[in-house]
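Read top to bottom, the protein sequences are chains A and B.
Going by this note's numbering, the first sequence opens with residue 1304, and the numbers climb by one from there.
Going by this note's numbering, the second sequence opens with residue 1304, and the numbers climb by one from there.
Reading through the structure tokens given below for one structure.
There are 2 protein chains.
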Amino acid sequence: MTLVNGSPQEEIELSDRGFQYGDGLFETIAVKNGHPCFINRHLTRLNAGCRRLLIPEYDATLLQSEALSLCKNSHSAVLKIIITRGSGGRGYRQPETINPTRVLSIHPYPSYPSSYKAHGIAVRFCETRLGLNPTLAGIKHLNRLEQVLARAEWSNLNIQEGIMLDLNDCVIEGTMTNIFYVKNHTLYTSPLLYSGVAGIMRDIIIEIANTHGYALCVQNFKEHELLSADEAFVCNSIIGIWPIKSINSTQFEIGLITRQLQYMLSKYEHEDICANL
Amino acid sequence: MTLVNGSPQEEIELSDRGFQYGDGLFETIAVKNGHPCFINRHLTRLNAGCRRLLIPEYDATLLQSEALSLCKNSHSAVLKIIITRGSGGRGYRQPETINPTRVLSIHPYPSYPSSYKAHGIAVRFCETRLGLNPTLAGIKHLNRLEQVLARAEWSNLNIQEGIMLDLNDCVIEGTMTNIFYVKNHTLYTSPLLYSGVAGIMRDIIIEIANTHGYALCVQNFKEHELLSADEAFVCNSIIGIWPIKSINSTQFEIGLITRQLQYMLSKYEHEDICANL
């Protein structure tokens, strides 16, 4: 089921700037028991992205009501929201009056084995480097060729994620996740100032860490620092937290802090669902 | 008139990866007297871009015949060709079998005053910087948020183009053009190794320069070097060559080399049209 500007539809005008230029942004939201998890955080990020891309902010009440009506019969699903700058303008120049397009669609929840969360995943480093682009860094925008090319690097079903470095050899994120590691009881993650997507799950983990007194450094780090970690994990809104059990040939234990964060995250999710019942 | 995979159509599936991720590339081609100018060069570049993006090369004969049939009744127009990775796959992961989407559309030729070519244009420097991304540099791909944001910086109708620098302060290109300058009888243009689109018109000008014995340096240059130029111009497939008469408050003469290149380009265009009659 898909709604384009409120109407059931499976197609979009060719002239939409989302298709012509990747001129828009999106959110991917887990749906559990009919509830789009952390919907308020997602809608807040979407509006912040719109401001950075000079796309008029949408009507939050309208979008939320469409999201809830699409999700209400889904036990377990993924809600995707795309906002584009709409049609019109001449070439790259935006039209004088921007009428954004909003697309809400429901998709089956991916069939990930429960072992990924319980026993961890194997990851690899990608050859494809993330470019440096502070203007767009952090935004979940529709210009995603880097991720497509990185994800095309491997087809081995035993590798669940690829870790991407930027041009300066800093470790930034996974192709579809953010990455954290733990060293000497301190959590580390990338600041995402020059590339990467500032994920909602990353935000929540940072919030949990701050609230519960974990030491946290949001700073650049390199491959060798990640490989010498005590624990490491990836996260996103759909999967929650997946511990990393190996990066190429380096093995990792699934440590206490990763397990504590998984537990606290499940409490956060439960509270979010209850607050919106 | 628009053809999607050979059928007249004004819409595209929402699931097309062009819309979801900007997962594709495009060509913009001038149509004169029913002829898509430099069509062979455009189709060659399109295939080179497909190879870099791991999109299967299209059937050149089919694409050319569709292009010619769309253009044959247009005296003066713009032909746009978009190729995407098609639908399917899971998230960023491409499908095992890629069925690219091809979209050919005809648009009115923009109503630029003839004075732009004859007497030059006024340009400005953009605040928006081009990111550094060697994986994608040179390709005319569908990830064009940088250009959209740069073009949104000004609405003054007396400014015809914005010049973009990269993060390293190198002058790269215009929002919709490539840029050359002349200093002491030598032509300069950016190598586009970390950003920018390697335009067909840029290629042709480089070829003309090499064929006719002009000194040419394809190398990085900075703002102050451009501002101290003897002549400067921008180019693309639709406009040909537009001399620059001013950059912000710096005035330029329209020099002999710019005029010679405009003249030789018109001969090239004529030969291209005649060769395909």
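Beta carbons are placed, not taken as given, at the ideal position from N, Cα and C, and that holds for glycine.
Everything numeric in this text was worked out from a predicted model, so none of it was measured.
- Note down the Cα distance separating G1465 of chain B from R1348 of chain B, rounded to an integer number of angstroms. Numbered from 1 along the second sequence, position 162 holds the residue referred to as residue 1465 of chain B. Numbered from 1 along the second sequence, position 45 holds the residue referred to as residue 1348 of chain B. So the alpha carbons of these two residues sit roughly 25 angstroms apart.
- Could you tell me the distance, in whole angstroms, from the CA atom of T1478 of chain A to the CA atom of R1454 of chain A? Here the question's residue 1478 of chain A lines up with position 175 in the first sequence. Here the question's residue 1454 of chain A lines up with position 151 in the first sequence. One C-alpha to the other measures close to 6 angstroms.
- Message: Considering just the uninterrupted stretch of the alpha helix (DSSP H) at A1453 of chain A, what are its terminal residues?
- Response: Translated into the one-based positions of the first sequence, residue 1453 of chain A becomes position 150. Per DSSP, A1453 of chain A belongs to the alpha helix (DSSP H) from 1448-1454.
- Task: Classify L1366 of chain B as helix, strand or coil using the three-state DSSP reduction.
- Result: Taking the first residue of the second sequence as position 1, residue 1366 of chain B is located at position 63. In this structure, L1366 of chain B counts as helix in the three-state DSSP scheme.
- Which first and last residues belong to the beta strand (DSSP E) in which C1538 of chain A is found? Translated into positions along the first sequence, residue 1538 of chain A becomes position 235. It spans 1534-1539 - the beta strand (DSSP E) in which C1538 of chain A sits, taken as one unbroken run.
- Query: Near L1530 of chain B, what residues of its chain come up, given a Cβ to Cβ distance below 7 angstroms and the 5 sequence neighbours on each side ignored?
  - Reply: If you number the second sequence from 1, residue 1530 of chain B lands on position 227. Result list for L1530 of chain B: I1550, T1553, in chain order.
- Pick out whichever of A:H1488, A:E1456, A:F1524 has its Cα sitting closest to the Cα of L1357 of chain B. The residue labelled residue 1357 of chain B in the question sits at position 54 within the second sequence. Here the closest residue by C-alpha is A:E1456.
- Residue span of the alpha helix (DSSP H) that contains C1340 of chain B, given as start and end: The residue labelled residue 1340 of chain B in the question sits at position 37 within the second sequence. Annotation: C1340 of chain B is outside any alpha helix (DSSP H) and is labelled neither H nor E by DSSP.
- Message: Which of the three DSSP states is assigned to S1372 of chain A in this structure?
- Response: Start at 1 with the first residue of the first sequence, and residue 1372 of chain A comes out as number 69. Correct three-state label for S1372 of chain A: helix.
- Applying the criterion that 16 or more other CB atoms from any shown protein chain within 10 Å of the CB defines a buried residue, is D1362 of chain A buried or exposed? Residue 1362 of chain A sits at position 59 when you count from the first residue of the first sequence. Exposed, by the Cβ-count rule.
- Distance between V1334 of chain A and A1380 of chain B (C-alpha atoms, nearest Å): Stepping through the second sequence from its first residue, residue 1380 of chain B is reached at position 77. Stepping through the first sequence from its first residue, residue 1334 of chain A is reached at position 31. Between A1380 of chain B and V1334 of chain A, the C-alpha separation is close to 47 angstroms.
- Taking Cβ to Cβ, would you say G1321 of chain B is nearer than 8 angstroms to F1322 of chain A? Sequence index remark: in the second sequence, residue 1321 of chain B carries index 18 (1-based). Sequence index remark: in the first sequence, residue 1322 of chain A carries index 19 (1-based). In contact: G1321 of chain B and F1322 of chain A (Cβ atoms closer than 8 angstroms).
- Task: Please report how far the alpha carbon of N1376 of chain A lies from the alpha carbon of P1339 of chain A, in whole angstroms.
- Result: The residue you call residue 1376 of chain A lines up with position 73 of the first sequence. The residue you call residue 1339 of chain A lines up with position 36 of the first sequence. The alpha-carbon atoms of N1376 of chain A and P1339 of chain A are separated by roughly 11 angstroms.
- Message: Rounded to the nearest angstrom, what separates R1355 of chain A and F1555 of chain A at their Cα positions?
- Response: On the first sequence, position 52 is the one that residue 1355 of chain A refers to. On the first sequence, position 252 is the one that residue 1555 of chain A refers to. Each residue's Cα considered, the two are about 38 angstroms apart.
- With 16 other CB atoms within 10 Å as the buried threshold, where does L1468 of chain A fall? Position 165 of the first sequence, counted from the start, is the residue given in the question as residue 1468 of chain A. Buried: at least 16 other Cβ atoms inside 10 Å.
- Task: Starting from the beta carbon of D1326 of chain B, find every residue of chain A whose beta carbon is closer than 8 angstroms, and list them in chain order.
- Result: Your numbering for residue 1326 of chain B matches position 23 in the second sequence. Result: R1447, L1448, V1451.
- Item | DSSP state of T1480 of chain B mapped onto helix, strand, coil | For the purposes of this step, residue 1480 of chain B is identified with residue 177 of the second sequence, where counting begins at 1. Note: T1480 of chain B maps to coil in three-state DSSP.
- Message: If we define contact as Cβ-Cβ less than 8 angstroms, is G1394 of chain B a contact residue for chain A?
- Response: Translated into the one-based positions of the second sequence, residue 1394 of chain B becomes position 91. Cβ-Cβ to chain A under 8 angstroms: yes for G1394 of chain B.
- Residue from A:F1536, A:H1515, A:E1510, A:E1449 with nearest C-alpha to G1499 of chain A: Start at 1 with the first residue of the first sequence, and residue 1499 of chain A comes out as number 196. Among A:F1536, A:H1515, A:E1510, A:E1449, the Cα nearest to that of G1499 of chain A is on A:E1449.
- Message: My assumption, with CB atoms under 8 angstroms, is that T1438 of chain B sits in contact with R1505 of chain A. Please give the rounded CB distance.
- Response: Numbered from its first residue, the second sequence carries residue 1438 of chain B at position 135. Numbered from its first residue, the first sequence carries residue 1505 of chain A at position 202. 24 angstroms between Cβ atoms; not a contact.
- Message: Is it buried or exposed, K1548 of chain A, if we count other Cβ atoms within 10 angstroms and call 16 or more buried?
- Response: On the first sequence, position 245 is the one that residue 1548 of chain A refers to. K1548 of chain A comes out buried.
- Task: Assuming E1574 of chain A and G1558 of chain A form a contact by the criterion Cβ under 8 angstroms, report the distance between their Cβ atoms to the nearest whole angstrom.
- Result: Numbered from its first residue, the first sequence carries residue 1574 of chain A at position 271. Numbered from its first residue, the first sequence carries residue 1558 of chain A at position 255. Actually they are not in contact, since the Cβ atoms of E1574 of chain A and G1558 of chain A sit about 25 angstroms apart, beyond 8 angstroms.
- Are the region 1366-1375 of chain B and the region 1537-1544 of chain B touching by the rule of at least three beta carbon pairs closer than 8 angstroms? no
- Just confirm the distance between the C-beta atoms of R1405 of chain A and N1308 of chain A, as a whole number of angstroms; I'd bet it's less than 8 angstroms. Taking the first residue of the first sequence as 1, we reach residue 1405 of chain A at position 102. Taking the first residue of the first sequence as 1, we reach residue 1308 of chain A at position 5. Right, the Cβ-Cβ distance comes to about 6 angstroms (below 8 angstroms), so this counts as a contact.
- Since I1560 of chain B sits in a beta bridge, which residues does DSSP pair it with? The residue given as residue 1560 of chain B occupies position 257 in the second sequence. I1560 of chain B pairs with nothing; no bridge assigned.
- Message: By the three-class DSSP mapping on this structure, what secondary structure does M1504 of chain B have?
- Response: Numbered from its first residue, the second sequence carries residue 1504 of chain B at position 201. Looking at M1504 of chain B - three-state DSSP - the assignment turns out to be helix.
- Message: What does DSSP give as the partner residue(s) for L1568 of chain A in the beta ladder?
- Response: On the first sequence, residue 1568 of chain A is found 265 positions in, with the first residue counted as 1. Answer is none; L1568 of chain A lacks a bridge partner.
- Query: Nearest chain A C-beta to T1480 of chain B closer than 8 angstroms, yes or no?
  - Reply: Counting from one through the second sequence, the residue named residue 1480 of chain B turns up at place 177. Closer than 8 angstroms: no.
- Cα separation between I1509 of chain B and I1503 of chain A? For the purposes of this step, residue 1509 of chain B is taken as the residue at position 206 of the second sequence. For the purposes of this step, residue 1503 of chain A is taken as the residue at position 200 of the first sequence. Cα-Cα distance, rounded: 47 angstroms.
- Message: Counting only beta-carbon separations shorter than 8 angstroms, does T1400 of chain B have a partner in chain A?
- Response: Here residue 1400 of chain B refers to the residue found at position 97 of the second sequence. So, not an interface residue.
- Task: Select from the region 1414-1446 of chain A all residues with a C-beta closer than 7 angstroms to any C-beta belonging to chain B, and list them in chain order.
- Result: T1431, R1432, G1434, L1435, N1436, T1438, L1439, H1444, L1445, N1446
- Is the region 1414-1433 of chain B close to the region 1415-1426 of chain A, with three or more CB pairs under 8 angstroms? no
- Message: For a cutoff of 8 angstroms on Cβ pairs, would you count Q1367 of chain A as touching chain B?
- Response: For the purposes of this step, residue 1367 of chain A is taken as the residue at position 64 of the first sequence. No, Q1367 of chain A does not count as interfacial toward chain B.
- N-terminal and C-terminal residue of the alpha helix (DSSP H) that E1430 of chain A is part of: Indexing the first sequence from 1 puts residue 1430 of chain A at position 127. Annotation: E1430 of chain A is outside any alpha helix (DSSP H) and is labelled neither H nor E by DSSP.
- Query: Since L1317 of chain B and E1316 of chain A are thought to touch, with beta carbons under 8 angstroms apart, how far apart are those beta carbons, to the nearest angstrom?
  - Reply: In the second sequence, residue 1317 of chain B corresponds to position 14, counting from 1. In the first sequence, residue 1316 of chain A corresponds to position 13, counting from 1. The pair is not a contact, with the Cβ atoms about 11 angstroms apart (cut-off 8 angstroms).
- May I ask you to report which of helix, strand or coil DSSP gives H1378 of chain A? One-based indexing of the first sequence puts residue 1378 of chain A at position 75. The answer is coil: DSSP assigns H1378 of chain A none of H, G, I, E or B.
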